[in-house]
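Per our numbering, residue 92 is the first one in the sequence shown, and the count goes up by one each step. Here a beta-carbon is modelled for each residue, glycine too, at the ideal position from N, C-alpha and C. Below is one structure; the comments refer to it alone.
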Amino acid sequence: MNKKVIFSLFNRFPSFFCSLALFGFFTLAGLTQKLNLNLPKEAKVRDEVSFSGTAFPAAEKLDIRSGSKDIAVSFAAAVPVTSRTYITPQNSNPVSVVAQPVNFSIVNPTPVNNPAIDAGNSIMRYMTYGGRFLYAHSSRAFSPLKSIYEGGQITVTMDGQTATYKIALRKVFVKATELDNNSARRLALYSSKYNGQSYDLTLMTCGNGSNDDSNYRLVLFTNRV
92 MNKKVIFSLF NRFPSFFCSL ALFGFFTLAG LTQKLNLNLP KEAKVRDEVS
142 FSGTAFPAAE KLDIRSGSKD IAVSFAAAVP VTSRTYITPQ NSNPVSVVAQ
192 PVNFSIVNPT PVNNPAIDAG NSIMRYMTYG GRFLYAHSSR AFSPLKSIYE
242 GGQITVTMDG QTATYKIALR KVFVKATELD NNSARRLALY SSKYNGQSYD
292 LTLMTCGNGS NDDSNYRLVL FTNRV
């Protein structure tokens, strides 16, 4: 079919060719939109606490009419985020160190009612169970805890008073098996208790005592001197 024949047909049936062009346009547009639905949406990457899944495991069961008490218990299910993602280096076994008094000062930790709140550069004080539980990043504010052992001392200023606390017990917990799956132990730590023993103040950070490994939690149980 040559150009003269095509031109003659277009002059005789202009409305037909216009309708055909519009049909083709909308068909192509609809096909493009359908294909775009399968493209992944851009997601924001977080390197701190995730608020889906593990951070609030009981949140979907909450009834807003149940009151603040039930909400506080749901927050207690979360293990505080005290380190960013950490890759354990080879040959990183804890070093045995003789306990010596180390004077580390904590001044006016930030009060929170949810332990899932990221500490950032600060030291957080979880208030729900008496305000005797402090947590912070092991690579930031609580980095000195790696060098404090049983018998060491710290000074803490809060509620307008400064007091000295002695490390009575130094424990390392595996986060996944000893804390994530043990709500009773988490609640005990938040209440500054362990194995039936009560302490005056409990401090938690990441690592096994020699690194910042987020798979572990270093916990210092202290008593006021």
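Next item on the list: Evaluate Arg223 with the Cβ neighbour count: other Cβ atoms within 10 Å of its Cβ, from every protein chain shown; 16 or more gives buried, anything less gives exposed.
Entry: buried
Margin query: Please report the distance separating the alpha-carbon of Pro206 from that of Arg315.
Written below: 23 Å
Notebook entry, point to check: Would a C-beta distance cut-off of 7 Å place Lys266 and Arg308 closer than the cut-off?
Noted result: yes
Note to self: Buried or exposed for Ala227, going by 16 or more other Cβ atoms inside 10 Å?
What the structure shows: buried
Check: Can you tell which of Met215, Thr219, Tyr240 has its C-alpha closest to the C-alpha of Phe195?
Finding: Tyr240
Check: Run through DSSP, which three-state label would Tyr307 get?
Finding: strand
Checklist line | Distance CB(Tyr220)-CB(Ser289) smaller than 7 Å | finding: no
Notebook entry, point to check: Arg223 lies in the alpha helix (DSSP H); which residues open and close that run?
Noted result: Element bounds for Arg223: n/a, residue is neither H nor E.
Checklist line | Rounded separation between Arg261 and Tyr285 - CA only | finding: 11 Å
Notebook entry, point to check: Can you tell which of Ile258, Ile245, Ile214, Ala275 has the C-alpha that lies nearest to the C-alpha of Asn199?
Noted result: Ile214
Item checked: C-alpha gap between Gly211 and Lys257, whole angstroms -> 26 Å
Checklist line | Close beta carbons around Thr246, own chain, < 8 Å, minus the five adjacent residues each side | finding: Asn194, Phe195, Ser196, Ile197, Thr253, Ala254, Thr255, Tyr256
Next item on the list: Buried or exposed for Gly287, please, with buried defined as at least 16 other CB atoms from any protein chain shown within 10 angstroms of its CB.
Entry: exposed
Next item on the list: Using alpha carbons as the reference points, say which of Met249, Gly242, Val172 lies closest to Phe201.
Entry: A small correction: the amino acid at residue 201 is Thr; Phe does not occupy that position in the sequence shown. Checking every option, the nearest Cα to that of Thr201 belongs to Met249.
Item checked: Distance, Cys297 Cα to Ser305 Cα -> 5 Å
Note to self: Taking only three categories from DSSP, how would you classify Thr173?
What the structure shows: coil
Notebook entry, point to check: For Met295, which of Asp209, Val203, Leu236, Gly243 has the nearest alpha-carbon?
Noted result: Leu236
Check: Between the Cα of Tyr217 and the Cα atoms of Thr313, Asn272, Ala169, Glu269, which residue gives the shortest distance?
Finding: Ala169
Next item on the list: Output the distance between the C-alpha atoms of Gly242 and Leu311, rounded to the nearest integer angstrom.
Entry: 11 Å
Next item on the list: Measure from the alpha carbon of Asn302 to the alpha carbon of each residue in Asp271, Arg276, Val263, then state which is nearest.
Entry: Val263
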